[in-house]
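In the UniProt record's numbering, the protein residues as written are 1 to 488.
Where a beta carbon is used, it is the ideal one built from N, C-alpha and C, also for glycine.
Scroll down for the structure; my scribbles are underneath it.
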Ligand code: SF4
């Protein structure tokens, strides 16, 4: 994935909101395991990181702005002693800009007992819930939807003296996308929205040493956990000294796993709902080669997420694959703003073409998506400047025409290039020789093994699986097809 064009600038890619990680493992250094898990999931959020640990008596948390390795050092980890932990890496969408208060896990007090909640996704109906809680005297430290969820769970648990009641009630009240992990002083909980929009999987440590929950399986791999299964839509799974206990918190709804996870967000070495992300990306390239063939000399993939589909495109078309674009891996969404002069360098801060490979060649360039089009335009110009004879752009997601309300930071409709231009107009504006997107049917065919029965593809189709508040929809330029009752 090429990510944002400029460090600190608004991304020209859909950006993932968060990563969550949880571990229940008595006798293990759970804070360190959470730290490693979050490092494996760092691609899902780079603005802040946090870990909370339960020791049987209480829950302690440490969090701050920055990458996982910037936030946690030996001393910080050593202070987090316990046997249950949850961790979080954040990319802010709900709650605005990065701030310490918005960093997770969020702590909620239930009388004298603390719980810590980490959330991936976006809730679409928290305004009224927040107002109700404020009326009841609950104090908030941030304006995030996730803190509302933490406080709802805390309130109900305080009233019923039963944490699972609090979680179940929150699942009934909350609407939107959520994959959550929660640490109480002695237990780990994992739960997922009824549509299963954001991923969440369960792993087991060897020799019965404990349990791990992670946004992606790459988080299990790094701590040596064996993949067991995904948390089912609407399910609550609890881990404590009695082992793993699962129950249906709320009835499962229309299955709607985010299909963009396979295109761009997830790491290629992850497996989601039984489907290898890498193999899905290879298939996308193969299918795209069938749908939109072109005569060319070389196939290039835009690093990182464009590389597996480029290999698939090359295999299917017979056109050789070449490494023609090099990514600078150490320029990310850091807090170091480039100067204006450096901004002029644009995409070159992240990607650089290999002139010796590209010069005089007709290129097929495979990228994951086009949101506003600025990155694609600069990419094509950069390749031409490096001597490319032709640049044929092939995109392994359909046209992004609708904003996402479920944890992905996409623009309003008026900024989505595919919502405002025809294919020919986009091709002319971007400056490519030809431009083609995979069809929605082609994309679905590329993930045949996913165990979920259905996908969310709302950013391509406008068919939202969970009703979105009218006010938010209007603001984003999206016209909802179904009634929404919240946040007017
Ligand atoms: S709208 Fe698109 S990015 Fe958002 S959850 Fe659905 S498929 Fe994923």
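Worksheet item: Can the beta-carbon of residue 191 be found closer than 9 Å to that of residue 408?
Response: Between residue 191 and residue 408, the gap from beta carbon to beta carbon reaches 9 Å or more.
Worksheet item: What beta strand (DSSP E) runs, 3 residues minimum, are completely inside the region 404 to 485?
Response: Complete beta strand (DSSP E) runs here, min 3: 434 to 437.
Worksheet entry | Residue span of the alpha helix (DSSP H) that contains residue 151, given as start and end | 145 to 160 is the span of the alpha helix (DSSP H), which, as asked, contains residue 151.
Fill in: Residue closest to residue 231, alpha-carbon to alpha-carbon, out of 260, 213, 240 and 218
For residue 231, the nearest C-alpha among the options comes from 213.
Fill in: Buried versus exposed call for residue 238 [16 or more other C-beta atoms within 10 Å across all chains shown]
By the neighbour-count criterion, in which a residue is buried when 16 or more other Cβ atoms sit within 10 angstroms of its Cβ, residue 238 is buried.
Item to complete: Can you check DSSP and say which residues form a bridge with residue 275?
Response: Note: residue 275 sits in a beta bridge opposite 272.
Worksheet item: What residue from 171, 56, 28 and 420 has the CA that sits closest to residue 252's CA?
Response: Answer by Cα proximity: 171.
Worksheet item: Does the region 279 to 287 come within contact of the region 60 to 72, defined as at least 3 CB pairs closer than 8 Å?
Response: Contact between the region 279 to 287 and the region 60 to 72 is absent: fewer than 3 CB-CB pairs across the two stretches fall below 8 Å.
Worksheet item: Hey, which unbroken runs of the alpha helix (DSSP H) at 4 residues or more fall wholly within the region 55 to 134?
Response: Taken in chain order, the whole alpha helix (DSSP H) runs of length 4 or more contained in the region 55 to 134 are 68 to 71 and 74 to 79.
Practice prompt. Tell me whether the beta-carbon of residue 226 lies closer than 9 Å to the beta-carbon of residue 208.
Written response: Their beta carbons are not under 9 Å apart, which means residue 226 does not touch residue 208 by this criterion.
Worksheet entry | Contacting residues, own chain, Cβ-Cβ under 7 Å from residue 30 (five flanking each side not counted) | Here the set comprises 23, 53, 82, 83, 84 and 85.
Practice prompt. Buried or exposed for residue 356, please, with buried defined as at least 16 other CB atoms from any protein chain shown within 10 angstroms of its CB.
Written response: That one is exposed.
Item to complete: For residue 320, count neighbouring C-beta atoms within 10 Å of its own C-beta (all shown protein chains included) and say buried if the count is 16 or more, exposed if not.
Response: Exposed, by the Cβ-count rule.
Worksheet entry | residue 390 vs residue 433 beta-carbon contact at 9 Å | The Cβ-Cβ distance between residue 390 and residue 433 falls below 9 Å.
Discussion item. Counting C-beta neighbours from all protein chains within 10 Å, is the total for residue 77 16 or more, i.e. buried, or is it exposed?
Written reply: Classification of residue 77: buried, given that the 10 Å Cβ count is 16 or more.
Practice prompt. Find the nearest neighbour of residue 80 within the set 327, 121 and 56, judged by alpha-carbon distance.
Written response: Per the Cα distances, 56.
Worksheet item: Got a sec, what are the start and stop residues for the beta strand (DSSP E) residue 390 sits in?
Response: DSSP places residue 390 inside the beta strand (DSSP E), whose first and last residues are 390 to 395.
Fill in: Whole runs of the beta strand (DSSP E) within the region 198 to 260, excluding any shorter than 3 residues
With a minimum length of 3 residues, the continuous beta strand (DSSP E) runs that stay inside the region 198 to 260 are 201 to 204, 211 to 214, 226 to 230, 235 to 240 and 243 to 248.
Worksheet item: How long is the line joining the alpha carbons of residue 51 and residue 435, rounded to whole angstroms?
Response: Cα to Cα, the separation comes out at about 44 Å.
Discussion item. Within a Cβ cutoff of 7 Å, which residues of the same chain sit near residue 110, ignoring the five residues on either side of it in sequence?
Written reply: Scanning its chain for C-beta atoms nearer than 7 Å, with the 5 sequence neighbours on each side dropped, one finds around residue 110 the residues 154, 157 and 158, in chain order.
Item to complete: Just grab the DSSP bridge partners of residue 497 for me.
Response: Outside the displayed span of the chain (1 to 488) sits residue 497, for which this structure offers no information.
Worksheet entry | Continuous alpha helix (DSSP H) stretch holding residue 327: start and end | Membership of residue 327 in any alpha helix (DSSP H) is not indicated; the residue belongs instead to the beta strand (DSSP E) covering 325 to 327.
Worksheet item: Within the present structure, is the beta-carbon of residue 273 separated from the nearest heavy atom of ligand 1 by less than 8 Å?
Response: The answer is no for residue 273.
Worksheet item: Can you tell which of 451, 241, 467 and 306 has its C-alpha closest to the C-alpha of residue 201?
Response: Residue 451 is the option with its Cα nearest to residue 201.
Worksheet item: What residue range is occupied by the uninterrupted alpha helix (DSSP H) comprising residue 173?
Response: Bounds of the alpha helix (DSSP H) holding residue 173 are 163 to 173.
Item to complete: State the DSSP-derived secondary structure class of residue 40, mapped to helix, strand or coil.
Response: For residue 40, the three-state secondary structure derived from DSSP is helix.
Worksheet item: Between which two residues does the alpha helix (DSSP H) containing residue 358 stretch?
Response: Where residue 358 is concerned, the enclosing alpha helix (DSSP H) stretches over 355 to 358.
Worksheet item: How about residue 18 and residue 150: do their beta carbons lie closer than 9 Å?
Response: If you check the CB distance, residue 18 and residue 150 do not come in under 9 Å.
Fill in: residue 374, DSSP secondary structure in three states
Here residue 374 sits in helix by DSSP.
Worksheet item: Apart from the five residues just before and just after residue 399, which ones in its own chain have a Cβ nearer than 6 Å to its Cβ?
Response: Here the set comprises 418 and 437.
Worksheet item: My guess is that residue 430 and residue 376 are in contact by the Cβ rule of under 8 Å, so how many angstroms apart are they, rounded?
Response: Sure, about 5 Å apart at Cβ, within 8 Å.
Worksheet item: Looking only at C-alpha atoms, which of 74, 21 and 427 sits nearest to residue 44?
Response: Each of 74, 21 and 427 was checked against the Cα of residue 44, and the nearest Cα belongs to 21.
Worksheet item: Per DSSP, residue 364 is paired with what?
Response: Under DSSP, the beta-bridge partners assigned to residue 364 are 299 and 392.
Worksheet item: By a C-beta neighbour count over all protein chains shown, 10 Å radius and 16 as the cutoff for buried, is residue 147 buried or exposed?
Response: Residue burial is scored here from C-beta neighbours: residue 147 has at least 16 other C-beta atoms within 10 angstroms and is therefore classed as buried.
Worksheet entry | Burial state of residue 120, where buried means 16 or more other Cβ atoms lie within 10 Å | Residue 120 sits buried, since 16 or more C-beta atoms from the chains shown fall within 10 Å of its C-beta.
Worksheet item: Which value, in whole angstroms, describes the spacing of the CA atoms of residue 197 and residue 404?
Response: Taking the straight line joining both Cα atoms gives about 12 Å.
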